[in-house]
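K.L.:
So the numbering used here is basically just the index in the sequence shown, starting at one, shifted up by 61.
Yeah, the Cβ is synthetic: ideal placement off N, Cα and C, and Gly gets one too.
Submitted below is the structure of interest, expressed as structure tokens.
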Amino acid sequence: MTPEGEALLLEAGRELGLDLSSALPRFAQLQRALLAGNAQLNLTALTSERDIILKHFIDSLTCGVDGWLPAGAQIVDLGTGAGFPTLPLAITRPDVRFLAVDATRKKIEYVGRTAAELQLHNVQVLAGRAETLGRSPEHRERYGRVVTRAVAALPILAELGLPLLEIGGLLIAQKGPLAGEELEAGASAAEVLGGEVFHVKHFELPVLQDARSLVVLRKVRATPPQYPRREGVPNKQPLF
Ligand code: SAM
62 MTPEGEALLL
72 EAGRELGLDL
82 SSALPRFAQL
92 QRALLAGNAQ
102 LNLTALTSER
112 DIILKHFIDS
122 LTCGVDGWLP
132 AGAQIVDLGT
142 GAGFPTLPLA
152 ITRPDVRFLA
162 VDATRKKIEY
172 VGRTAAELQL
182 HNVQVLAGRA
192 ETLGRSPEHR
202 ERYGRVVTRA
212 VAALPILAEL
222 GLPLLEIGGL
232 LIAQKGPLAG
242 EELEAGASAA
252 EVLGGEVFHV
262 KHFELPVLQD
272 ARSLVVLRKV
282 RATPPQYPRR
292 EGVPNKQPLF
């Protein structure tokens, strides 16, 4: 990472209330790993240092700054792709554990390798679909938190994520600008799946000031056994 990149990461971190100075070496390693991984796998279209820092690293960290991820929490990152938000959060939050899940095995293998290189002992990875996990007794209603970034519309996320949560658990969805219709549809889906909209925050990404939203759904009762529906159905036929 260039000195300008380091300064940008520190400045954007400060806007989030984070002091990232001791984390700089790991973020530099992560940037190198992402660019090296991208040469073989199609991990990200964002390859400039500025974009990686602001739109991947800082954007991921916005999921963790409002106290939604308490110390000791076991967090599932649904659809982690190239490890976002898991890897930036795991660097800054050694006190929480992450299970990074993605349907694409190659991406998950990259995330696992990168977590090992960065010695992030709080990261585990799992290749699989959320629908399958949500129906398996090993994972259903077992987690306190689900985070997800840039994976699907809210009604789909509700069906993929709420089944994994124990009652009282939270699904934290980081999204771009959020239309009222999507939020309404998400609220209706959450209701069917045993959840409710708990919190919505609209904010701007540090430095760039791009619009972002964080939607927090809370699990309030058991998810009916017919959900999640089989693989692919939540996407093809969203509940609302
Ligand atoms: N969260 C990452 C980020 O913010 O950069 C990746 C976003 S990428 C657009 C969406 C990812 O979600 C893809 O890697 C895809 O394989 C994964 N995905 C989509 N539906 C899924 C499902 N039902 N179960 C597991 N992974 C899924």
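Given a cut-off of 8 Å, decide if aspartate 163 and glutamate 140 are closer than it, judged by their beta-carbon atoms.
P.N.:
Per the sequence shown, the amino acid found at residue 140 is glycine instead of glutamate. Yes, the pair counts as a contact, with Cβ atoms nearer than the cut-off.
K.L.:
Identify whether aspartate 120 lies in helix, strand or coil by the three-state DSSP scheme.
P.N.:
The answer is helix: DSSP assigns aspartate 120 an H, G or I state.
K.L.:
Could you tell me the distance, in whole angstroms, from the CA atom of alanine 74 to the CA atom of arginine 206?
P.N.:
Position check: residue 74 holds glycine in this sequence, whereas alanine was assumed. When rounded, the distance between both Cα atoms is 23 Å.
K.L.:
May I ask you to report which of helix, strand or coil DSSP gives leucine 232?
P.N.:
Strand at leucine 232.
K.L.:
Using the C-alpha atoms, what's the distance from valine 261 back to glutamine 287?
P.N.:
Each residue's alpha carbon lies about 28 Å from the other.
K.L.:
Using DSSP with H/G/I as helix, E/B as strand and the rest coil, what is phenylalanine 88?
P.N.:
Of the three classes helix, strand and coil, the one that applies to phenylalanine 88 here is helix, per DSSP.
K.L.:
Quick one: is the Cβ of valine 212 within less than 7 Å of any heavy atom of the ligand SAM?
P.N.:
Yes, the beta carbon of valine 212 sits closer than 7 Å to at least one heavy atom of the ligand SAM.
K.L.:
Are there any heavy atoms of the ligand ATP lying less than 7 Å away from the beta-carbon of glutamate 199, as far as the coordinates show?
P.N.:
Absence of the ligand ATP is noted for the structure shown, with the ligand SAM being the only ligands found.
K.L.:
Report whether the distance from the Cβ of valine 277 to the nearest heavy atom of the ligand SAM is below 7 Å.
P.N.:
Every heavy atom of the ligand SAM is 7 Å or more from the Cβ of valine 277, so no.
K.L.:
Are the CB atoms of glycine 256 and alanine 283 within a distance shorter than 8 Å?
P.N.:
In this structure, glycine 256 does not lie closer than 8 Å to alanine 283 by Cβ.
K.L.:
Given phenylalanine 118, which residues of its chain have a CB within under 7 Å of its CB, disregarding the five upstream and five downstream residues?
P.N.:
The residues are Leu70, Phe88, Pro149.
K.L.:
Roughly how many angstroms lie between the CA atoms of aspartate 80 and valine 186, to the nearest whole one?
P.N.:
Taking the straight line from one Cα to the other gives about 27 Å.
K.L.:
State the Cα-Cα distance for the pair glutamate 242 and serine 83, rounded to the nearest angstrom.
P.N.:
Distance between the alpha carbons of glutamate 242 and serine 83: 41 Å.
K.L.:
Given histidine 263, which residues of its chain have a CB within under 6 Å of its CB, disregarding the five upstream and five downstream residues?
P.N.:
So the list reads Ser274, once near-sequence residues are dropped.
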